[in-house]
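Each residue of the sequence shown is one higher than the last, beginning at 1 in full-length UniProt numbering.
Working notes, beginning with the structure itself.
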Amino acid sequence: MVPIFAYWNVKGLGEQIRLLLRYLGVEFTDKQYKIGPAPTYDRSAWLPEKFSLGLDFPNLPYYIDDDFKLTQSGAILEYIADKHGMIPDCKKQRAVLHMLQCEVVDLRIAFAKTGYYPDCKKVKQDFLEALAQKLPNFEAYLGEKEWLTGDKINYPDFGLCDLLMQMSRFEPTCLQKYPKLQAYLSRFENLPALKDYLASK
């Protein structure tokens, strides 16, 4: 049975996982629950199934791989990466991956506010101020490396690049001062396994 990945019919927390699965060539069922429009974002499409799937902590996204069921986007990313040989044995390297993933989550939280608050101008300004604090750190950390942890892509790259793409659509100039991040994102967008998929979005 192919794995089932389920999330709303939006990018949100789910697209980074879809990208990782596609990059790895994993055949999977991409189950998407329809979310209602603003301002209520009706979630009733998910509720009939929420407590009937045997999930320990029912939530979206979820991932079902045979009899193994998992929720929480970070846990799903790490599980898939580990299953496909991306996670190093070294404890320090694993800790660095987890640190990077947490930094991506912090950036995602700052960006997510732009989509849910009515005072868009104020929220956008707050977000741009947050970017001015966070993106220089990513730019400096990336340095001359191809990916965040070196010459091999890993699961935090999928979350960060997904975010950079979304943020660039929201504010096209947001990466203007960060040439290393621009080149990094371009490498990601041109990965053979993802190029056609990303171009279709």
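Idealized CB from N, CA, C, for every residue including glycine.
From a predicted model like this one, the values you see are computed outputs, not experimental measurements.
Can you tell me which residues form a DSSP beta bridge with residue i?
{"i": "D66", "result": "Paired residue(s): none; D66 is not in a bridge."}
{"i": "K31", "result": "A6"}
{"i": "T71", "result": "Y62"}
Please report the straight-line C-alpha distance between residue i and residue j, rounded to a whole angstrom.
{"i": "Y79", "j": "V10", "result": "22 Å"}
{"i": "C102", "j": "G143", "result": "19 Å"}
{"i": "residue 217", "j": "F138", "result": "Since the displayed the chain opens at 1 and closes at 201, residue 217 lies outside it and no answer follows."}
{"i": "D151", "j": "Q32", "result": "33 Å"}
{"i": "P192", "j": "K121", "result": "37 Å"}
{"i": "L70", "j": "L60", "result": "10 Å"}
{"i": "N154", "j": "V96", "result": "11 Å"}
{"i": "D82", "j": "D66", "result": "16 Å"}
{"i": "D89", "j": "I76", "result": "19 Å"}
{"i": "I35", "j": "L175", "result": "30 Å"}
{"i": "F68", "j": "S44", "result": "25 Å"}
{"i": "K50", "j": "P58", "result": "6 Å"}
{"i": "E146", "j": "Y23", "result": "17 Å"}
For the alpha helix (DSSP H) containing residue i, list its first residue and its last residue.
{"i": "L19", "result": "15-24"}
{"i": "L55", "result": "L55 -> no alpha helix (DSSP H), and no H or E assigned at all."}
{"i": "K11", "result": "That residue, K11, is in no alpha helix (DSSP H); it is neither H nor E in DSSP."}
{"i": "P48", "result": "47-50"}
### Query
Considering only residues of the UniProt domain "GST C-terminal" (90-201), which uninterrupted beta strand (DSSP E) runs meet the minimum length of 3 residues and lie entirely inside it, listed in chain order?
Segments of the beta strand (DSSP E) lying fully in the UniProt domain "GST C-terminal" (90-201): there are none.
### Message
Quick check: the stretch 156-163 against the stretch 9-26, are at least 3 beta-carbon pairs closer than 8 Å?
### Response
Under the 8 Å Cβ criterion, the stretch 9-26 counts as touching the stretch 156-163, having at least three qualifying pairs.
### Query
Any contact of the stretch 102-113 with the stretch 126-135, i.e. 3+ C-beta pairs under 8 Å?
Touching, per the Cβ criterion.
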